[in-house]
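Q: Residue numbers (our numbering), protein chains in the order written: chain A, 3 to 181; chain B, 3 to 181. Idealized CB from N, CA, C, for every residue including glycine.
Protein chains: 2
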Amino acid sequence: MTTATLITPASGLVLTGGRPSEVADFERAMVDFFVDAADLLGVPRSVAAIYGIVFASAVPLSFADIEARLDISKGSVSQGLRVLREVGAVKEVSSQEDRAERFEPDLELRKMVQRFLENRLAKQLQTGGSRLEQMVKTLPKGRHGEAAVLRARVKQLQTWNSKAQALLPIAKTFLKLGG
Amino acid sequence: MTTATLITPASGLVLTGGRPSEVADFERAMVDFFVDAADLLGVPRSVAAIYGIVFASAVPLSFADIEARLDISKGSVSQGLRVLREVGAVKEVSSQEDRAERFEPDLELRKMVQRFLENRLAKQLQTGGSRLEQMVKTLPKGRHGEAAVLRARVKQLQTWNSKAQALLPIAKTFLKLGG
DNA sequence: AGTTTACTTCAAAATGAATTGAACTAAAGG
DNA sequence: CCTTTAGTTCAATTCATTTTGAAGTAAACT
Numbered sequence: 003m004t005t006a007t008l009i010t011p012a013s014g015l016v017l018t019g020g021r022p023s024e025v026a027d028f029e030r031a032m033v034d035f036f037v038d039a040a041d042l043l044g045v046p047r048s049v050a051a052i053y054g055i056v057f058a059s060a061v062p063l064s065f066a067d068i069e070a071r072l073d074i075s076k077g078s079v080s081q082g083l084r085v086l087r088e089v090g091a092v093k094e095v096s097s098q099e100d101r102a103e104r105f106e107p108d109l110e111l112r113k114m115v116q117r118f119l120e121n122r123l124a125k126q127l128q129t130g131g132s133r134l135e136q137m138v139k140t141l142p143k144g145r146h147g148e149a150a151v152l153r154a155r156v157k158q159l160q161t162w163n164s165k166a167q168a169l170l171p172i173a174k175t176f177l178k179l180g181g
Numbered sequence: 003m004t005t006a007t008l009i010t011p012a013s014g015l016v017l018t019g020g021r022p023s024e025v026a027d028f029e030r031a032m033v034d035f036f037v038d039a040a041d042l043l044g045v046p047r048s049v050a051a052i053y054g055i056v057f058a059s060a061v062p063l064s065f066a067d068i069e070a071r072l073d074i075s076k077g078s079v080s081q082g083l084r085v086l087r088e089v090g091a092v093k094e095v096s097s098q099e100d101r102a103e104r105f106e107p108d109l110e111l112r113k114m115v116q117r118f119l120e121n122r123l124a125k126q127l128q129t130g131g132s133r134l135e136q137m138v139k140t141l142p143k144g145r146h147g148e149a150a151v152l153r154a155r156v157k158q159l160q161t162w163n164s165k166a167q168a169l170l171p172i173a174k175t176f177l178k179l180g181g
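(1) For a contact meaning CB atoms closer than 9 angstroms, what does B/Leu-134 contact in chain A?
(2) Under 9 angstroms, do B/Ser-64 and B/Glu-103 count as touching if we go by C-beta distance?
(3) Count the other C-beta atoms from every protein chain shown that fall within 10 angstroms of the C-beta of A/Ala-150, then say buried if there are 16 or more, exposed otherwise.
(4) Which residues in chain A sit within 7 angstroms of B/Pro-126, going by Cβ to Cβ distance?
(5) Can you give me the Cβ contacts of B/Leu-127 inside the same chain, cut-off strictly under 7 angstroms, excluding the 5 residues immediately before and after it?
(6) Okay, do the region 36-47 of chain B and the region 61-75 of chain B touch, 3+ Cβ pairs below 8 angstroms being the bar?
(7) Span of the beta strand (DSSP E) holding B/Val-92?
(8) Between which residues of its own chain and A/Val-115 is the CB-CB distance below 8 angstroms, once the five residues before and five after are set aside?
(9) Using the Cβ count rule (16 or more neighbours within 10 Å means buried), how would you classify B/Asp-38?
(10) B/Val-92 and B/Leu-86 look like a contact to me (Cβ under 8 angstroms); what is the Cβ gap, rounded to whole Å?
(11) Run through DSSP, which three-state label would B/Pro-171 get?
(12) In this structure, does DSSP put B/Arg-101 in helix, strand or coil?
(13) With distances taken from CA atoms, which of B/Val-56, B/Leu-119, B/Ala-70, B/Leu-123 is nearest B/Glu-94?
(14) If you follow the alpha helix (DSSP H) that B/Val-85 is in, where does it begin and where does it stop?
(15) Closer than 9 angstroms, Cβ to Cβ, to anything on chain B: give me those residues from the region 150-180 of chain A, in chain order.
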């Protein structure tokens, strides 16, 4: 088997194959797109890459396809697919051809974004909120204006925290429009 | 010097001292708050911790104060402060007492958040946009409905990308209200 | 001029996260 | 049943990022 190995500039990942190079280019671009997003969203790059390669295929991909196109180990593919299945980003479809599992994108992006907002942002804002309560309790009651300064700072954080909380549902609604 | 060493549960950082423990508690909570946020925003934890300890003090802190309270190396303090000065999160104030530099929080949080939105989110959305253009160019023109499937997927990403772009200014405005 | 104090630099060490791959399980095919 | 194919698991490795600390610079005292 002839194996041209191409380095994807941005993702640092590798796509292999002797397949038509427009396809490789397209896949590369798609993988890079999701890998970039992954950095932002705090998801492991390999997981994003797997999602990208699945998203870039019009037909469901097998485990082996993914392994070959990204040139990553079986172990990584297995773990990556597990994560993606768990969050519902990818689903298994049965194939008549052989007994290999095949994967295609499942959730709409909207739902994934929404889930991200829920899990990462909302949760974070919430634990931030309780930390702030904790802070209010431990506010040093020193003399001078010092205590006042610190109280003001905590208040500032609380204001910010609730604004962010208020923004979340707005963002959700906004992203929902139009689909 | 008696040195009680306390482990901060969430940040994994350490605060040392024989100082009144309410103050330590308060500082710990503040440092944890910012360290949590740092994870979300993709800033190194030690940098966030330094900002936190500075934010938790009603009076400007010296280099040595920071080093001692967080129990981190001089090198880390130096680098962390450099980053914070560069982004304007912290500023140097002169002290009459001695020739040590002192630091206090500079930018309002609002500006820091705004700067984050600009730099990380806006930039990301923009490079995502150009990747998408690239993808359109390399869309494989295979027969069947396959090409159509892929075109639809790219379109979906574009829609999402522009929605997010549109959301940014809204978020900015919203966060600005009330200050 | 020499010493101390205050900080910076950067190569090396530590840490932590992602990745590999070999051993394993399970189901299908013969 | 025995073999093959398909995928999982997890200890060990690799890789990237952070952190350290020792050596260096520079300004302020004396």
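A: Short version:
(1) For this step, residue 134 of chain B is matched to residue 132 along the second sequence. At a C-beta separation below 9 angstroms, B/Leu-134 has these neighbours in chain A: Ala-31, Phe-35.
(2) Within the second sequence, residue 64 of chain B is the residue found at index 62, counting from 1. Within the second sequence, residue 103 of chain B is the residue found at index 101, counting from 1. The Cβ atoms of B/Ser-64 and B/Glu-103 sit closer than 9 angstroms to each other.
(3) Residue mapping note: residue 150 of chain A aligns to position 148 of the first sequence, counting from 1. Under this definition A/Ala-150 is an exposed residue.
(4) Here residue 126 of chain B is taken as the residue at index 124 of the second sequence, counted from 1. It is worth fixing the name first, because residue 126 of chain B is Gln in this sequence and not Pro. Going along chain A in sequence order, the residues near B/Gln-126 (Cβ under 7 angstroms) are Asp-38, Leu-42.
(5) Residue numbering aside, residue 127 of chain B sits at position 125 when the second sequence is read from its first letter. Asn-163, Ala-166, Gln-167.
(6) As far as the Cβ criterion goes, the region 36-47 of chain B does not touch the region 61-75 of chain B, which means the pair count is below three.
(7) Translated into positions along the second sequence, residue 92 of chain B becomes position 90. Note, B/Val-92: beta strand (DSSP E), 92-95.
(8) Reading the first sequence from its first residue, position 113 is the one you call residue 115 of chain A. Correct list, in chain order: Leu-177.
(9) Here the question's residue 38 of chain B lines up with position 36 in the second sequence. Burial call: buried.
(10) Along the second sequence, one-based indexing puts residue 92 of chain B at 90. Along the second sequence, one-based indexing puts residue 86 of chain B at 84. That pair is a contact at about 4 angstroms.
(11) The residue given as residue 171 of chain B occupies position 169 in the second sequence. Helix, per DSSP.
(12) In the second sequence, counting from the first residue as 1, residue 101 of chain B sits at position 99. Correct three-state label for B/Arg-101: coil.
(13) Here the question's residue 94 of chain B lines up with position 92 in the second sequence. By alpha-carbon distance to B/Glu-94, the top candidate from B/Val-56, B/Leu-119, B/Ala-70, B/Leu-123 is B/Val-56.
(14) For the purposes of this step, residue 85 of chain B is taken as the residue at position 83 of the second sequence. From DSSP, the alpha helix (DSSP H) with B/Val-85 extends over 76-88.
(15) The residues in question are Ala-150, Val-151, Leu-152, Arg-155, Val-156, Gln-158, Leu-159, Thr-161, Trp-162, Lys-165, Ala-166, Ala-168, Leu-169, Ile-172, Ala-173, Phe-176, Leu-177, Leu-179, Gly-180.
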